[in-house]
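*Asks:* Let me give you the structure first, and then I'll get to my questions.
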Amino acid sequence: MGWQSRTRTLQVFDTELSADTVEWCPLPQWSHVLACGTYQLQKGDDKQTADDSTAPNRIGRLYLFHCNPQPSFIPPLTETQRIDTPAILDLKWCHVPISERPLLGMATASGEIQLYKLMEPQQGTCGLECELRAELGPDRLALSLDWSTGRGESSDVRVVSSDSNGSLTVLSLGEASLTALCQWKAHDFEAWISAFSYWDTPIVYSGGDDCKLKGWDLRMSPSSPTFTSKRHTMGVCSIHSNPHREHILATGSYDENVLLWDERNMKQPLSETAVGGGVWRLKWHPSQEHLLLAACMHNDFHILHCQKAMEGQDAPCPVLASYILHNSLAYGADWSRLPLSNSMPPSPQEPPQTSIGLTQSTGHLRIQYESPTASFDTSLEDDSGQYIPDHTCLLPEKSPVPDPFTSPDRDAQSLSCLMATCSFYDHMMHVWRWDWSPEKEKMPSEPSS
-4 MGWQSRTRTL QVFDTELSAD TVEWCPLPQW SHVLACGTYQ LQKGDDKQTA DDSTAPNRIG
56 RLYLFHCNPQ PSFIPPLTET QRIDTPAILD LKWCHVPISE RPLLGMATAS GEIQLYKLME
116 PQQGTCGLEC ELRAELGPDR LALSLDWSTG RGESSDVRVV SSDSNGSLTV LSLGEASLTA
176 LCQWKAHDFE AWISAFSYWD TPIVYSGGDD CKLKGWDLRM SPSSPTFTSK RHTMGVCSIH
236 SNPHREHILA TGSYDENVLL WDERNMKQPL SETAVGGGVW RLKWHPSQEH LLLAACMHND
296 FHILHCQKAM EGQDAPCPVL ASYILHNSLA YGADWSRLPL SNSMPPSPQE PPQTSIGLTQ
356 STGHLRIQYE SPTASFDTSL EDDSGQYIPD HTCLLPEKSP VPDPFTSPDR DAQSLSCLMA
416 TCSFYDHMMH VWRWDWSPEK EKMPSEPSS
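Written out as structure tokens, the structure reads:
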């Protein structure tokens, strides 16, 4: 039996400033809440002299939305709040309530980790209030954060953050404090990403612009990593531990590859999948352990099916669906936990997707990878106009995709998911749904008389 994949846009929102991170609240009671963060570099006056040491001004804005995805002709998102902040590099909700309320963590260009509590005033509209903040140190940008609560464990809640100086900081959340437990130099250049192992929270992973993926054990001195991998050939900028399947780790890099790992053997990845774009963010599905959402910078957003790779079959992960309607660098992406009805009017400009693999591109605009720290630019074309790297020979071939419901919902007949994604220079956030269902069997033709 074949399966049909379809993506449909529900709403597009202009964030005005460059959008780089979106996060749905993971707590069931507040799963209708969506946060979006922005980053804008305001460069100094052209008349500024070389001796003027004034740093560029990085501004941001935090948006909060209420979502009602039920079928209607009304856009599902309603903006409920906007807060001007320092430029935002990353947002993450704590996976468990703190003092019975959701808590949103924010990594800022001011070098702070800020925590916002979601409040619900008498009017019934949710709003965020800054609860706690902690400085990582002078002259640095906080680039990422992750919570230790990925599997819903509420004891000893910690936050790990990485910064533009290449350092990692682990912070402990107390009743009324956010305290740094340890900080150490982890990478030679920007440490783009940091993440906990959700199954063994003393283990922390990090990736940097030095092209290295590293592991750290907080039970020992962080003066040396437990491993260092140079398997990625460019900066490592995305790491996510699978909250449903023990030992499974996903990493992404500017080298345009998604690697799956068994944490017990970090010498060689389980699989390597070329996705045709620098992999800025990876997100495992909230309940389907084999589904992975990838934000691929200049090559859109893709949903990967990782079952064979997780079973050790050494195979690239097939692409189930691609969302290609953004017009700029694909940065932020997240799955919603909101339930969806099976009926919704199709978007006329988006026919069902019948292909499985990534389509081969016929040409590329001249696009640059711009570091949020403004420290480097990587051109994707050489002087003769050839695309670098040339991924036309690296994309996975189209292949049959297995039934996605082998675990945990073996008896499920279809899957409908709500996603939010955002892109950078066009400052756009999209809310869209993905439907994955068995193809209807064609009725046999009537026999001729």
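No gaps in the numbering here: position 268 of the sequence shown is 263 in this note's numbering, and each next residue is one more.
Note that beta-carbon positions come from the ideal geometry of N, C-alpha and C, so glycine has one too.
Could you tell me how far apart the beta carbons of residue 210 and residue 185 are, in whole angstroms, since I believe they sit closer than 8 Å?
*Replies:* So it is not a contact: roughly 18 Å between Cβ atoms.
*Asks:* Once you ignore the five residues that flank residue 125 on each side, which residues in its own chain have a CB closer than 7 Å to its CB?
*Replies:* Taken in chain order, the residues that qualify are 109 and 111.
*Asks:* Whole angstroms is fine: what's the gap from residue 218's alpha carbon to residue 141's?
*Replies:* Distance between the alpha carbons of residue 218 and residue 141: 21 Å.
*Asks:* Contact defined as beta carbons within less than 8 Å: I believe residue 414 pairs with residue 14. What is the distance between those atoms, to the nearest angstrom?
*Replies:* Not quite, the Cβ-Cβ distance comes to about 14 Å (not below 8 Å), so this is no contact.
*Asks:* Going by the DSSP bridge assignment, what does residue 236 pair with across the sheet?
*Replies:* 244.
*Asks:* Rounded to whole angstroms, what's the CA-CA distance from residue 167 to residue 75? Just pull it up for me.
*Replies:* Approximately 30 Å between the Cα atoms of the pair.
*Asks:* Check the DSSP bridge columns for residue 418 and list the partner residues they point to.
*Replies:* For residue 418, which the question treats as bridged, DSSP gives the partners 325 and 423.
*Asks:* Residue -2: which of 327, 100, 336 and 300 sits nearest, CA to CA?
*Replies:* If we check each option's Cα against that of residue -2, 300 comes out closest.
*Asks:* Do you know offhand how far residue 270's Cα is from residue 326's?
*Replies:* The straight-line gap from Cα to Cα measures roughly 14 Å.
*Asks:* What is the DSSP secondary structure of residue 304, reduced to helix, strand or coil?
*Replies:* Note: residue 304 maps to helix in three-state DSSP.
*Asks:* Based on DSSP bridge pairs, tell me the residues matched to residue 96.
*Replies:* Residue 96 pairs with 93.
*Asks:* For residue 249, tell me which candidate among 256, 285 and 289 has the shortest Cα-Cα distance.
*Replies:* Out of 256, 285 and 289, 289 has the C-alpha closest to the C-alpha of residue 249.
*Asks:* Go through its chain and collect everything with a Cβ distance to residue 25's Cβ below 8 Å, but skip five positions before and after it.
*Replies:* 97, 113 and 121, listed in sequence order.
*Asks:* First and last residue of the beta strand (DSSP E) that includes residue 276?
*Replies:* Taken as a continuous stretch (DSSP letters only), the beta strand (DSSP E) holding residue 276 covers 276 to 279.
*Asks:* Please determine, among 101, 80 and 227, the residue with the shortest C-alpha to C-alpha distance to residue 173.
*Replies:* For the residues 101, 80 and 227, the minimum Cα distance to residue 173 belongs to 101.
*Asks:* Beta-carbon within less than 7 Å of residue 212's beta-carbon, same chain only, minus the 5 sequence neighbours each way: which residues are those?
*Replies:* The answer, listed in chain order, is 197, 198 and 221.
*Asks:* At what residue ranges does the stretch 130 to 163 contain a whole run of the alpha helix (DSSP H), taking only runs of 4 or more?
*Replies:* DSSP runs (the alpha helix (DSSP H)) wholly in the stretch 130 to 163: none.
*Asks:* So what's residue 25 in DSSP terms, helix, strand or just coil?
*Replies:* Helix at residue 25.
*Asks:* Please report the Cβ distance between residue 335 and residue 64, rounded to the nearest whole angstrom; I am assuming they are in contact, meaning their Cβ atoms lie under 8 Å.
*Replies:* The pair is a contact, with the Cβ atoms about 6 Å apart (cut-off 8 Å).
*Asks:* Taking the DSSP output, what are the residues bridged to residue 288?
*Replies:* 278 and 298, per the DSSP bridge assignment.
*Asks:* Please look up how many angstroms separate the CB atoms of residue 277 and residue 233, rounded, as I've assumed it's under 8 Å.
*Replies:* Correct: roughly 5 Å between the Cβ atoms.
*Asks:* Should residue 350 go down as buried or exposed, given a rule of 16 or more other Cβ atoms within 10 Å for buried?
*Replies:* Below a pLDDT of 50, predicted positions are generally treated as unreliable, and residue 350, at 30, falls in that range; the measurement from the model is reported next regardless. Under this definition residue 350 is an exposed residue.
*Asks:* Tell me the DSSP bridge mates of residue 256?
*Replies:* In DSSP, residue 256 forms a bridge with 244.
*Asks:* Given a threshold of 16 other Cβ atoms within 10 Å of its Cβ, counted over all protein chains shown, does residue 69 qualify as buried or as exposed?
*Replies:* Exposed.
*Asks:* Let's test the definition: count the other Cβ atoms within 10 Å of the Cβ of residue 313 and tell me whether it reaches 16, buried, or not, exposed.
*Replies:* Buried is the call here.
*Asks:* Which of the three DSSP states is assigned to residue 267 in this structure?
*Replies:* Three-state result, residue 267: strand.
*Asks:* Report buried or exposed for residue 135, applying the criterion of at least 16 other Cβ atoms within 10 angstroms of its Cβ.
*Replies:* Buried: at least 16 other Cβ atoms inside 10 Å.
*Asks:* Check residue 6 in the structure and name its three-state DSSP category.
*Replies:* Residue state, collapsed to three classes: strand.
*Asks:* Between residue 305 and residue 254, is the Cβ-Cβ spacing less than 9 Å?
*Replies:* It is not a contact, given that the beta carbons lie outside the stated cut-off.
*Asks:* Pick from 61, 148 and 319: whose alpha carbon is nearest that of residue 29?
*Replies:* Ranking the options by Cα distance to residue 29, first place goes to 61.
*Asks:* Contact defined as beta carbons within less than 8 Å: I believe residue 238 pairs with residue 145. What is the distance between those atoms, to the nearest angstrom?
*Replies:* That belief holds up - the Cβ atoms of residue 238 and residue 145 are roughly 5 Å apart, short of 8 Å.
*Asks:* Quick check: what's the CA-CA separation for residue 263 versus residue 242?
*Replies:* Taking the straight line from one Cα to the other gives about 14 Å.
*Asks:* Please determine, among 5, 104, 18 and 27, the residue with the shortest C-alpha to C-alpha distance to residue 66.
*Replies:* Of the listed residues, the one whose Cα sits closest to residue 66 is 5.
*Asks:* Does residue 174 come out as helix, strand or coil in the three-state DSSP assignment?
*Replies:* Three-state DSSP puts residue 174 in a strand.
*Asks:* For the beta strand (DSSP E) that residue 190 lies in, which residues bound it at each end?
*Replies:* Start and end: 188 to 191.
*Asks:* Tell me, to the nearest whole angstrom, how far the beta carbon of residue 431 is from that of residue 315; I am working on the premise that it is less than 8 Å.
*Replies:* Indeed they touch by this definition, with Cβ atoms about 6 Å apart.
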